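Written below as structure tokens is the structure these notes are about.
2 protein chains.
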Amino acid sequence: MSSDLDIKRLHHDVALRLSSVGQRYTDGRQQIVEFLAGSPRPVGVAAIVKELPDIPQSSAYRSLGVLTQLNVTRRIAGTDDNGYYELSEDLVGRHHHHALCESCGRVVDIDSSSKLEKALTEAARIASEQTGFTLDAHRMDLVGLCRDCANKT
Amino acid sequence: MSSDLDIKRLHHDVALRLSSVGQRYTDGRQQIVEFLAGSPRPVGVAAIVKELPDIPQSSAYRSLGVLTQLNVTRRIAGTDDNGYYELSEDLVGRHHHHALCESCGRVVDIDSSSKLEKALTEAARIASEQTGFTLDAHRMDLVGLCRDCANKT
DNA sequence: ATTTATGCAAATCGTTTGCAAACCT
DNA sequence: AGGTTTGCAAACGATTTGCATAAAT
Chain A
0 MSSDLDIKRL HHDVALRLSS VGQRYTDGRQ QIVEFLAGSP RPVGVAAIVK
50 ELPDIPQSSA YRSLGVLTQL NVTRRIAGTD DNGYYELSED LVGRHHHHAL
100 CESCGRVVDI DSSSKLEKAL TEAARIASEQ TGFTLDAHRM DLVGLCRDCA
150 NKT
Chain B
0 MSSDLDIKRL HHDVALRLSS VGQRYTDGRQ QIVEFLAGSP RPVGVAAIVK
50 ELPDIPQSSA YRSLGVLTQL NVTRRIAGTD DNGYYELSED LVGRHHHHAL
100 CESCGRVVDI DSSSKLEKAL TEAARIASEQ TGFTLDAHRM DLVGLCRDCA
150 NKT
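Residue numbers (numbering that gives the first Met the number 0), protein chains in the order written: chain A, 0 to 152; chain B, 0 to 152.
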């Protein structure tokens with residue numbers, strides 16, 4: 000099946016990036032990458048160490064640090080000031096955005112579509128002109144209330 | 000001049016919201032509100048206590064907490080996991096968005112314009128459908144590099 | 001007089017770091 | 001051997017909280 004191949008290819012790509020700067024693709028790092036690959040949304044460090052109990056917090060943070068530097072992973076700052084991690088877009092080849100719940104901190108993916116991209120590209124262009132910001136691949140986080148939190152009100 | 004009137008009206012509105020829940024509009028709280036009113040962008044707590052030295056950190060946090068609960072202020076989570084505060088849109092009557100620098104954490108305002116709003120409203124609609132999120136007045140944070148950080152590269 | 005706000009210091013929580021041991025190559 | 005990663009515990013920085021005092025109504 001293709002997902003099996005994908006994982007192999009993913010590990011291969013990650014290994015390449017690590018070795019290019021003299022870093023090793025250790026078992027713990029592989030576990031983290033694979034876990035992120037299997038998650039439909041960015042995951043917090045708490046969830047990572049819970050799911051991968053033989054990886055202590057400090058190692059998780061350190062690994063995520065080097066992986067993020069090498070652009071293997073990306074860190075999303077949630078509205079709850081926790082870090083959420085996902086594989087970088089150029090590894091998974093899927094452009095997307097995020098919706099952040101301002102009540103519970105949940106982060107979910109918004110898959111890209113041509114209509115959405117068109118709207119956001121235009122928005123990013125205007126915003127960039129006005130602020131002088133470089134909007135790399137127009138990353139955009141929408142802030143609102145997730146369904147659960149909206150229903151609690 | 001009109002800004003003088005605006006400030007008076009602002010204080011009046013804030014006082015109203017506070018008193019409606021039995022809270023007092025103390026001098027420290029007035030100072031904070033006035034400082035936020037005078038800033039062109041969301042400000043961090045560090046900046047607040049630096050500019051208003053007779054307000055200790057804990058009081059600043061506590062005041063901002065109640066002001067935010069009453070929707071007098073709003074908290075923006077920066078990419079650096081610090082809290083940045085601004086007056087809420089319904090007090091200042093100016094709809095806007097934010098650009099977050101993913102390198103230095105800086106937060107700047109993006110003034111709204113009809114073209115931008117049109118693009119973002121469309122984006123919010125699509126995203127909302129897909130995620131089930133309620134996108135309150137489509138708040139949207141664009142993440143990229145501010146001019147300073149882009150030049151450092 | 002009763003409730004609410006303040007100010008200090010201590011606690012908390014996510015995250016980072018120092019250091020010695022374990023691991024690759 | 002020589003550099004890298006791990007694991008623990010201690011350090012950190014932003015934010016929160018307990019508690020006794022001060023202020024407002």
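Where is the CB? At the ideal position from N, CA and C, for every residue including glycine. No experiment lies behind these values; they were computed from the predicted model shown.
By Cβ distance below 6 Å, which residues in the same chain neighbour residue i in space, the five residues on each side in sequence not counted?
i       : result
B/Leu69 : Arg16
B/Ala59 : Val44, Ile47, Val48
A/Ser2  : none
A/Arg28 : Ser62
Using only CA atoms, which one of the options lies nearest to residue i?
i        : options                              : result
A/Thr120 : A/His94, A/Ile54, A/Thr72, A/Ser62   : A/His94
A/His10  : A/Gly21, A/Ala36, A/Ser62            : A/Ala36
A/Glu88  : A/Glu101, A/Gly77, A/Thr67, A/Ala98  : A/Thr67
B/Ile54  : B/Asp26, B/Gly131, B/Gly92, B/Thr130 : B/Asp26
B/Asp5   : B/Ala76, B/Arg124, B/Val91           : B/Val91
By Cβ distance below 8 Å, which residues in the same chain neighbour residue i in space, the five residues on each side in sequence not counted?
i        : result
B/Cys103 : Asp79, Cys145, Asp147, Cys148
B/Phe34  : Val42, Ile47, Glu50, Leu51
A/His96  : Asp108, Ile109, Ser111, Leu115, Leu119, Arg138, Met139, Asp140, Leu141
B/Thr133 : Ser127
A/Val20  : Leu69
A/Leu86  : Leu9, Val32, Leu35, Ala36, Val71, Thr72, Arg73
Going by other Cβ atoms of all chains shown within 10 Å of its Cβ, with 16 needed for buried, is residue i buried or exposed?
i        : result
B/Arg61  : exposed
A/Val32  : buried
B/Thr72  : buried
A/Ala136 : exposed
Which residue or residues does DSSP assign as beta-bridge partners of residue i?
i        : result
A/Asp108 : A/His97
A/Ala45  : Answer by DSSP bridge pairing: none, since A/Ala45 is not bridged.
A/Val13  : Per DSSP, none; premise fails for A/Val13.
B/Gly143 : B/Cys100
B/Thr133 : A/Leu144
Residues in the same chain with beta-carbon distance under 7 Å from residue i, minus the five sequence neighbours each way, listed in chain order, please.
i       : result
B/Arg40 : Val106, Val107, Asp108
A/Val65 : Gln22
- With 7 Å as the C-beta to C-beta threshold (strictly closer), list the residues of the region 106-121 of chain A near chain B in chain order. Val107, Ile109, Asp110, Ser112, Lys114, Leu115, Ala118, Leu119, Glu121
- Within 8 Å of chain B by C-beta, residues of the region 134-151 of chain A in sequence order: Leu134, Asp135, His137, Arg138, Met139, Asp140, Leu141, Val142, Gly143, Leu144, Cys145, Arg146, Ala149
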